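*Asks:* Submitted below is the structure of interest, expressed as structure tokens.
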Amino acid sequence: MDYRNYKLEKSIGHQIARTGRLVTNRLNTNFKNGNYPVTHEQWSIMIRLWEEDGLTQNRLAELTHKDNPCVSRLINNLEKRELVKRTTHPVDGRTKLIYLTEKGREMQIGLIQQAQKTVEQISDGIEPEELAIFLRVLNKIQENLT
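Just add 440 to the spot in the sequence shown (first one is 1) and you have this note's numbering.
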């Protein structure tokens, strides 16, 4: 392919990145408008803890595809908001387990409703069959990159 024919607007990578930012911004806006004091990144930690409470920071990093320093910062911020707490691992005293607080657990339904609202907004006007094809293609792109 001739480099002179390259157009950024037509680049798959550019379009995926731009769309990702727009989705993130919309989710953050919906959380804020719903009076939920979390970001999409903090939400990614909380939803994993709703699935399985008491995970290590390393495991949360694996599940969210983020590095340890990023996850540590997110946990610190969630702790400041009293949404999660760290406890010492019963076997390995050097390891901390991350648990949702009662306040964090109480946000589950509302945050999931805001996430579902976001999905509805971003898929408005898209037929279910088209969405299924899009998700298959997106998964294939992810497979190609891992």
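Just so it is clear, CB atoms sit at the ideal spot from N, CA and C, and this is done for glycine as well. Predicted model, so just to flag it, every value in this text is computed and none were measured.
#1: Out of Thr586, Leu575, Leu518 and Gln554, which has the shortest C-alpha to C-alpha gap to Phe471?
#2: If contacts are defined as beta-carbon pairs under 8 Å, then His454 and Thr464 qualify, I think. What distance do you get, rounded to the angstrom?
#3: In whole angstroms, give me the CA-to-CA distance for Gly460 and Leu448.
#4: Looking at the strands, I want to know which residues DSSP matches up with Ile538.
#5: Between which two residues does the alpha helix (DSSP H) containing Gly533 stretch?
#6: Please state whether DSSP places Arg521 in a helix, a strand or coil.
#7: Decide if Thr558 is buried, meaning its Cβ has at least 16 other Cβ atoms within 10 Å, or exposed.
#8: Figure out for me which residue from Leu495, Arg466 and Phe574 has the closest Cα to the Cα of Thr528.
#9: Take the Cβ of Leu467 as the centre, count every other Cβ of all protein chains shown within 10 Å, and call the residue buried at 16 or more, exposed below.
#10: Near Glu522, what residues of its chain come up, given a Cβ to Cβ distance below 6 Å and the 5 sequence neighbours on each side ignored?
#11: Does DSSP put Pro477 in a helix, in a strand, or in coil?
#12: Measure the C-alpha to C-alpha separation of Ile456 and Met486 and round it to an integer number of angstroms.
#13: Answer yes or no: do Trp490 and Gln582 have a C-beta to C-beta separation smaller than 7 Å?
*Replies:* Taking the structure as given:
#1: As a working note, residue 471 is residue 31 in the sequence shown. Of the listed residues, the one whose Cα sits closest to Phe471 is Gln554.
#2: Within the sequence shown, residue 454 is the residue found at index 14, counting from 1. Within the sequence shown, residue 464 is the residue found at index 24, counting from 1. At roughly 16 Å, the Cβ-Cβ gap does not stay under 8 Å, so His454 and Thr464 are not in contact.
#3: On the sequence shown, position 20 is the one that residue 460 refers to. On the sequence shown, position 8 is the one that residue 448 refers to. The straight-line gap from Cα to Cα measures roughly 16 Å.
#4: Residue 538 sits at position 98 when you count from the first residue of the sequence shown. In the DSSP output, where bridge partners are listed per residue, Ile538 has Leu495 and Arg526.
#5: Indexing the sequence shown from 1 puts residue 533 at position 93. Careful: Gly533 lies outside any alpha helix (DSSP H) and carries neither H nor E.
#6: The sequence position of residue 521 within the sequence shown is 81, counting from 1. Coil.
#7: Along the sequence shown, one-based indexing puts residue 558 at 118. With 16 or more other CB atoms across the displayed protein chains lying within 10 angstroms of its CB, Thr558 is buried.
#8: One-based indexing of the sequence shown puts residue 528 at position 88. Residue Leu495 is the option with its Cα nearest to Thr528.
#9: By 1-based counting over the sequence shown, the position of residue 467 is 27. The residue in question, Leu467, is buried, as its Cβ has 16 or more Cβ neighbours within 10 Å.
#10: Counting from 1 along the sequence shown, the entry for residue 522 is found at position 82. Contacts found: Thr541 and Lys543.
#11: Position 37 of the sequence shown, counting from 1, holds the residue named residue 477. Residue state, collapsed to three classes: coil.
#12: Mapped onto the sequence shown, residue 456 falls at position 16. Mapped onto the sequence shown, residue 486 falls at position 46. Going from the Cα of Ile456 to the Cα of Met486 covers about 25 Å.
#13: The residue labelled residue 490 in the question sits at position 50 within the sequence shown. The residue labelled residue 582 in the question sits at position 142 within the sequence shown. Contact flag unset, no.
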